[in-house]
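The next block holds one structure in the form of structure tokens; read it before the comments.
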Amino acid sequence: MKRLFQILLISSLIFLAGCGLQPKPAKPKVDLSLPTVQTIRTISDITSVALEWTPLYSEKVEGYYLYRAQEGKKLQRIATIEDRYSSHYIDKDLKPDTLYIYAMSIFTRNGVESRPSKPVRVRTLPIPESVPFIDAIDHLPREIKIIWRPHPYQRVEWYIIERSEPRSDKWKEIATIKGRLKAEYIDKGLKDNKTYYYRIKVKTCDGIVSKPSKVVQASTKPRPKIVQGLQASQNLPRKIVLHWQPNSEPDIDHYNIYRSFFELGPYLKIAKAKKTEYTDLIKKDGAKYYYKVTAIDKDGLESFKQDVPVVGKTLSKPLPPVILNYKVEGKTFFVTWQSPDKRAESFIIKKTEKLGFMNSNEYIFKNIKSTSFSDAGLKPGAKYKYEIIAVDKFGIVSEPSKTIEFTIEK
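Every number in the numbering used here is 1126 more than the matching position in the sequence shown, counting from 1.
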């Protein structure tokens, strides 16, 4: 067996010299009488192996050659240790979970080499598994909380959080968490009511990354449902009252009211309401507005607005009175009229009296309940104007009627 190993070693040395990997003679000399390394002890890591041997202090020994091979392959020289007092060496950049074979020989000052040592077999450690436990907490507002059990391997220094989405085979690294004892990550800024997938890789202090953990999934909290049954009044004086159905979700906090002058918007928030009713006070008769209402939950999530708004209107002005007949007899003015929309509860008559170029007087007759009026004591030579205004039960006044104009003859 030793003879066979010696032949393999010599063949390897010739191969290395031919490839220019080591500056050794083409035909290395082997002296069977030289001492050999008796015992090699090893400690393996994921990508390295530490070797220890008992040094040979003979003056014949100049240093050591270290050979390595993977199973089924030839030994190749990987290191020259140029001090006979050395007793340790670390072989780095190895493959994880791989079996390696090592052997050593000594060499003299003139390049003569001993028989190789008895080969030792050592396997590098496998890449550590990912976290043993991972879970995702869902139904949170626009975020998902990832929790895991801290890794038991003390050389783990980082957790790499990756995320994917349904119908996608791509994973995106979203965070790198430093600290083996860390155990949570909150993924923020997500979309409402959307499902996400998560997995974790661990990374050791020397940069080795594990395979991913099992995949967990979670969904963000959905928005509240769209507010239903929205209605707006169209016949109330200087106000529009909105009503809607309460949302069925138990955590609704309030409702936002939006208003626009135009059906297509823009819709501006004008108020919020705790109840399912809102009164919009408007200092204008016959005003028209478009409304939408949204529901807001305790986490601040807001429902979508309705696709179609509701139209609200304040009560319009009464129609102006229609003059039926008027006449002037002597110094008395007579007039009759009617209210075309039947809304008038009373009437106002405005009278303008003009006496010459610079002399003008105005008179107001209020709370007239009938639909006729007479005005005596008109002045000869004066010019008169009369207008009639309807007043409904809410105090809303109409536009003036058609103006009646005449002059009293002198």
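Glycine residues also receive a C-beta, built at the ideal position from the N, C-alpha and C atoms.
Could you tell me whether the stretch 1451 to 1470 touches the stretch 1368 to 1386, using the rule of 3 or more Cβ pairs below 8 Å? Using a Cβ-Cβ distance cut-off of 8 Å, the stretch 1451 to 1470 and the stretch 1368 to 1386 are not in contact, since fewer than three pairs of beta carbons, one from each stretch, lie closer than that value.
Mind checking whether the beta-carbon of tyrosine 1510 lies closer than 6 Å to any heavy atom of the ligand ATP? This structure simply doesn't include the ligand ATP, nor any ligand for that matter.
Report, in whole angstroms, the separation of the C-beta atoms of isoleucine 1475 and isoleucine 1514, which I expect to be a contact under 8 Å. Contact between isoleucine 1475 and isoleucine 1514 holds: CB atoms are separated by about 6 Å, below the 8 Å threshold.
Let me know the beta strand (DSSP E) ranges lying completely inside the stretch 1397 to 1450, each 3 residues or longer, listed in chain order. The qualifying runs are 1403 to 1407, 1414 to 1423 and 1436 to 1439.
Within this structure, are the beta carbons of threonine 1440 and serine 1429 separated by less than 7 Å? At the C-beta level, threonine 1440 and serine 1429 stay beyond 7 Å of one another.
Contact defined as beta carbons within less than 8 Å: I believe lysine 1398 pairs with isoleucine 1383. What is the distance between those atoms, to the nearest angstrom? About 7 Å separates the two Cβ atoms, so the contact holds.
What separation, rounded to the nearest whole angstrom, lies between the Cα atoms of tyrosine 1489 and proline 1506? If I take the Cα positions, the gap works out to 18 Å.
Which of helix, strand or coil DSSP assigns to proline 1297: Note that residue 1297 corresponds to tryptophan in the displayed sequence, not to proline. Three-state DSSP puts tryptophan 1297 in coil, outside helix and strand.
For glutamate 1525, the three-state DSSP class (helix, strand or coil): In the structure shown, glutamate 1525 sits in coil (DSSP, three-state: anything other than H, G, I, E or B).
Suppose only complete runs of 3+ residues qualify. What are the beta strand (DSSP E) ranges in the stretch 1471 to 1536, listed by chain order? Note on the stretch 1471 to 1536: whole beta strand (DSSP E) runs with a minimum of 3 residues are 1472 to 1480, 1486 to 1494, 1498 to 1501, 1509 to 1517 and 1530 to 1533, in chain order.
Can you tell me whether glutamate 1239 is buried or exposed? The criterion is at least 16 other CB atoms within 10 Å of its CB, across all chains shown. Flag for glutamate 1239 reads buried.
Quick check: the stretch 1193 to 1200 against the stretch 1264 to 1273, are at least 3 beta-carbon pairs closer than 8 Å? Short answer: they don't touch.
To the nearest angstrom, how far is the alpha carbon of threonine 1302 from that of valine 1282? So the two alpha carbons sit approximately 13 Å from each other.
Tell me, please, which residues DSSP counts as bridged to phenylalanine 1459. Answer is Val1454 and Asp1501, bridged to phenylalanine 1459.
Going straight from the alpha carbon of tyrosine 1393 to that of valine 1436, what length do you get? Between tyrosine 1393 and valine 1436, the alpha-carbon positions lie close to 12 Å from each other.
Using a Cβ-Cβ cutoff of less than 6 Å, which residues in the same chain neighbour serine 1260 once the five nearest sequence positions on both sides are dropped? The residue you asked about is not serine; residue 1260 is isoleucine in the sequence shown. Trp1274, Ile1326, Ser1339 and Val1342.
Ordered list of beta strand (DSSP E) runs contained in the stretch 1324 to 1353, each at least 3 residues: Taking only runs of at least 3 residues, the beta strand (DSSP E) segments lying wholly in the stretch 1324 to 1353 are 1342 to 1345.
What three-state label does DSSP hand isoleucine 1253 in the structure shown? Reduced to three states, the DSSP call for isoleucine 1253 is coil.
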